[in-house]
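A quick write-up on the structure given underneath.
There are 2 protein chains.
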Amino acid sequence: MTGRRGRPPKEAGGLSRERILREALALVDEEGLEAVSMRKLARRLGVDPMSLYNHVDGKDALLDGVAEVLLAAIPAPVPGGGLRETMSGLAHGFRDAMLGHPRAAPLVLTRQLASMTALAPVEAVLGPLLAAGYPPERAVHGLRAVLAFLIGTLMREVDAAPTFSATASPGRLAELTGSGLPAVSAAAPYLAVCDHEAEFEFGLGILLDALAP
Amino acid sequence: MTGRRGRPPKEAGGLSRERILREALALVDEEGLEAVSMRKLARRLGVDPMSLYNHVDGKDALLDGVAEVLLAAIPAPVPGGGLRETMSGLAHGFRDAMLGHPRAAPLVLTRQLASMTALAPVEAVLGPLLAAGYPPERAVHGLRAVLAFLIGTLMREVDAAPTFSATASPGRLAELTGSGLPAVSAAAPYLAVCDHEAEFEFGLGILLDALAP
DNA sequence: TCCTTGAATCTACGATGTAGGTAATCGACG
DNA sequence: CGTCGATTACCTACATCGTAGATTCAAGGA
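Protein chains in written order, with numbering that gives the first Met the number 0: chain Z, 0 to 212; chain W, 0 to 212.
Next up, the structure:
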């Protein structure tokens, strides 16, 4: 008597994997990764916690699902472009997708995903590299070098940006200059601030110059 | 009556921050990050869970401490070396320190640490870059590009290597070749295997060629 | 001697992930 | 139209977690 039971009567607001993943992503966006719990997610969906297990294998599988939702937001590259243009476009697409959901991005950056949606961008990079005459082994190395840079860069971007607006707090700057380390002190103004955009282009440029000149 | 109480009698096997961090690192090495709990750690130390809070601010601070222990294992570069030699040495030192404790490495790679021990390697890289005539802003960009590559590369290395000996399982290879993606299929043998050593040198070489030729 | 201080313990609370069992509805088939 | 398996939602229960709060004892300064 306390709540409805059994199957949802016809076409009601029944649960579904997609609805669950959408709400989970919203929850992460609003409250952060460590605030995610099956119970809280169920509360938001107006549903018993255990009901989620009919559509998702458990908490870990749920988070994998959210990661794939993020990855699916990367736009496919335009077919006719050159090698450099393709790789640059995919790198920017990846970055934009992560920056669109900074609190959820660690799900993608931390786990290694083997699903089809994760393989699509890989195909999009590998194809042009092979077509450009790269031997497969070298193509894979290049792909992984760029991916490593992307992951490392975005890890810094996403957990500095959104919650603390003051990336360059005066306190942090003073802490750096007063550290007694000469080179750190000399570069302190640039260490305290992060021009993410410029740093991303700088590093990506180095890699693409070497791979797709 | 059930257990000893009060201060440890004289110089007995008293607790200490250092002893706690050492045991925590051992626990992570043996059972993995997600197996760490204050209660289990206390059990290993033969101590009440709440006793840990006299030496450590909480679970998060404990893990920060473990991360700093890892960072402190990076050897300082030899003073007389050239720019490229210094940067390459530090990159390898960082990598070796992480690979020595693969299950704990995510603590360093995931959190951004602002402590002195984290700043020492920064100083060691920044110094030679400034001495070589780099303007500070560019030096910081270069440092961060290399660091991003290190973080991204090591994230892949550490959670593939130790627990699963078969990085290149036949199943994974078949999964890749049968994916219907032509470039992925063509490069499948190299995607299924990871020659971490070679890939690390490849990516690091590209970056150092651009920064310290 | 007493008194402050700090370390170790005990108790307790709310929260979490999820195994196991029960009830209600739908789609298909006779 | 009646029946039945499958699917879905709910409920109960358990072990475990991080840690606030109060308590107890030994060591060292007065």
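Backbone N, C-alpha and C define an ideal beta-carbon position, used for all residues, glycine too.
Problem set entry | Proximal residues of chain Z, C-beta to C-beta of W:GLU122 below 7 Å | As a working note, residue 122 of chain W is residue 123 in the second sequence. Within 7 Å Cβ-Cβ: LEU180, ALA182, VAL183.
For this session: Pull up the distance between the alpha-carbon of Z:VAL183 and that of W:LEU118, whole angstroms please.
Result: Your numbering for residue 183 of chain Z matches position 184 in the first sequence. Your numbering for residue 118 of chain W matches position 119 in the second sequence. If I take the Cα positions, the gap works out to 8 Å.
For this session: Output yes or no for whether 9 Å exceeds the beta carbon distance between Z:MET97 and Z:LEU69.
Result: Position 98 of the first sequence, counting from 1, holds the residue named residue 97 of chain Z. Position 70 of the first sequence, counting from 1, holds the residue named residue 69 of chain Z. Result yes, Cβ atoms of Z:MET97 and Z:LEU69 sit closer than 9 Å.
Exercise. Helix, strand or coil: which one does DSSP assign to W:SER50?
Worked result: Residue mapping note: residue 50 of chain W aligns to position 51 of the second sequence, counting from 1. Looking at W:SER50 - three-state DSSP - the assignment turns out to be helix.
For this session: Evaluate W:SER15 with the Cβ neighbour count: other Cβ atoms within 10 Å of its Cβ, from every protein chain shown; 16 or more gives buried, anything less gives exposed.
Result: Start at 1 with the first residue of the second sequence, and residue 15 of chain W comes out as number 16. By the 10 Å Cβ count, W:SER15 comes out exposed.
For this session: Could you tell me if W:LEU198 is buried or exposed, where buried requires 16 or more neighbouring beta carbons within 10 angstroms of its beta carbon?
Result: By one-based count along the second sequence, residue 198 of chain W stands at place 199. A quick correction: the sequence has Glu, not Leu, at residue 198 of chain W. Per the 10 Å Cβ criterion, buried.
Exercise. Along the chain, which unbroken stretches of the alpha helix (DSSP H) at least 4 residues long are found entirely within the segment 88-119 of chain W?
Worked result: Listed in chain order, the alpha helix (DSSP H) elements of length 4 or more contained wholly in the segment 88-119 of chain W are 104-109.
Exercise. Counting only beta-carbon atoms, is Z:LEU98 nearer than 9 Å to chain W?
Worked result: Walking along the first sequence from the start, residue 98 of chain Z turns up at place 99. No, its Cβ sits nowhere closer than 9 Å to a Cβ of chain W.
Exercise. Distance, Cα to Cα, Z:ALA186 vs W:GLU30?
Worked result: Looking up residue 186 of chain Z in the first sequence gives position 187. Looking up residue 30 of chain W in the second sequence gives position 31. Separation of Z:ALA186 and W:GLU30 (C-alpha to C-alpha, rounded to the nearest whole angstrom) is 40 Å.
Problem set entry | Chain-ordered neighbours of W:PHE93 on chain Z, where CB pairs are closer than 7 Å | Numbered from its first residue, the second sequence carries residue 93 of chain W at position 94. Per Cβ cutoff of 7 Å: no residues; W:PHE93 is ~12 Å from chain Z at best.
Exercise. Which bits of chain W does Z:ILE73 rub up against, with CB to CB less than 7 Å?
Worked result: In the first sequence, counting from the first residue as 1, residue 73 of chain Z sits at position 74. Chain W residues near Z:ILE73: none, gap ~15 Å exceeds 7 Å.
Exercise. Hey, would you say W:ILE19 sits closer than 9 Å to W:LEU40, going by beta carbons?
Worked result: Within the second sequence, residue 19 of chain W is the residue found at index 20, counting from 1. Within the second sequence, residue 40 of chain W is the residue found at index 41, counting from 1. Annotated as proximal: W:ILE19 and W:LEU40, with beta-carbon spacing under 9 Å.
Problem set entry | Z:VAL139: contacting residues in chain W (beta-carbon distance under 7 Å) | Counting from one through the first sequence, the residue named residue 139 of chain Z turns up at place 140. Under the 7 Å cutoff, chain W gives ALA186, TYR189, LEU190.
Exercise. Z:GLY126: which of Z:ILE150, Z:GLY57, Z:VAL157, Z:GLY79 sits nearest, CA to CA?
Worked result: Within the first sequence, numbered from 1, the residue matching residue 126 of chain Z stands at position 127. Measuring from the Cα of Z:GLY126, the nearest candidate turns out to be Z:GLY79.
For this session: Could you check how far apart the C-beta atoms of Z:MET154 and W:ILE150 are, in whole angstroms? I think they sit under 8 Å.
Result: To locate residue 154 of chain Z, count along the first sequence from 1; it is residue 155. To locate residue 150 of chain W, count along the second sequence from 1; it is residue 151. Z:MET154 to W:ILE150, Cβ: 6 Å. Contact.
For this session: For W:GLY79, decide whether its Cβ has a neighbour in chain Z, counting only Cβ atoms nearer than 9 Å.
Result: For the purposes of this step, residue 79 of chain W is identified with residue 80 of the second sequence, where counting begins at 1. Not one chain Z Cβ lies under 9 Å of W:GLY79.
For this session: Would you mind sorting W:GLY141 into buried or exposed? The rule is 16 or more other CB atoms within 10 Å of its CB.
Result: Within the second sequence, the letter at position 142 stands for residue 141 of chain W. Result: buried.
For this session: Measure the C-alpha to C-alpha separation of Z:VAL107 and Z:PHE93 and round it to an integer number of angstroms.
Result: For the purposes of this step, residue 107 of chain Z is identified with residue 108 of the first sequence, where counting begins at 1. For the purposes of this step, residue 93 of chain Z is identified with residue 94 of the first sequence, where counting begins at 1. Taking the Cα positions, Z:VAL107 is about 10 Å away from Z:PHE93.
Exercise. Would you say W:MET115 reaches chain Z, if we count a Cβ-Cβ gap shorter than 9 Å as a contact?
Worked result: Reading the second sequence from its first residue, position 116 is the one you call residue 115 of chain W. True, the Cβ-Cβ gap to chain Z drops below 9 Å.
Problem set entry | 6 Å CB neighbourhood of Z:ARG171 in its chain, flanking five on each side removed | Position 172 of the first sequence, counted from the first residue, corresponds to residue 171 of chain Z. Leaving aside the five residues that flank Z:ARG171 on each side, the residues in its chain whose CB is nearer than 6 Å to its CB run, in chain order, ALA191.
For this session: Just the C-alpha distance for W:HIS120 and W:PHE201, rounded to the nearest angstrom, thanks.
Result: To locate residue 120 of chain W, count along the second sequence from 1; it is residue 121. To locate residue 201 of chain W, count along the second sequence from 1; it is residue 202. Per the sequence presented here, residue 120 of chain W reads as Pro, with His not at that position. If I take the Cα positions, the gap works out to 22 Å.
Exercise. Given a limit of 8 Å on CB to CB distance, which residues of the segment 148-160 of chain Z reach chain W?
Worked result: Hits within the stretch, in order: PHE148, LEU149, ILE150, GLY151, THR152, MET154, ARG155, ASP158, ALA159.
For this session: Just tell me which of Z:ALA159, Z:LEU82, Z:SER87 has its CA closest to the CA of Z:ALA131.
Result: As a first step, residue 131 of chain Z must be located in the first sequence, where it is residue number 132. That would be Z:LEU82, whose Cα lies nearest to the Cα of Z:ALA131.
For this session: Starting from the C-beta of Z:ARG43, find all residues in its chain whose C-beta is less than 7 Å away, skip the five residues before and the five after it, and write them out in chain order.
Result: Numbered from its first residue, the first sequence carries residue 43 of chain Z at position 44. Hits under 7 Å: GLU22, LEU26.
Exercise. Is the shortest distance between the beta-carbon of W:PRO101 and the beta-carbons of chain Z less than 9 Å?
Worked result: As a position in the second sequence, residue 101 of chain W is number 102, starting the count at 1. W:PRO101 has a beta carbon lying at 9 Å or more from every beta carbon in chain Z.
Problem set entry | Outcome for Z:GLU156 when other beta-carbon atoms lying within 10 angstroms are tallied against a minimum of 16 | Here the question's residue 156 of chain Z lines up with position 157 in the first sequence. When all chains shown are included, Z:GLU156 counts as buried.
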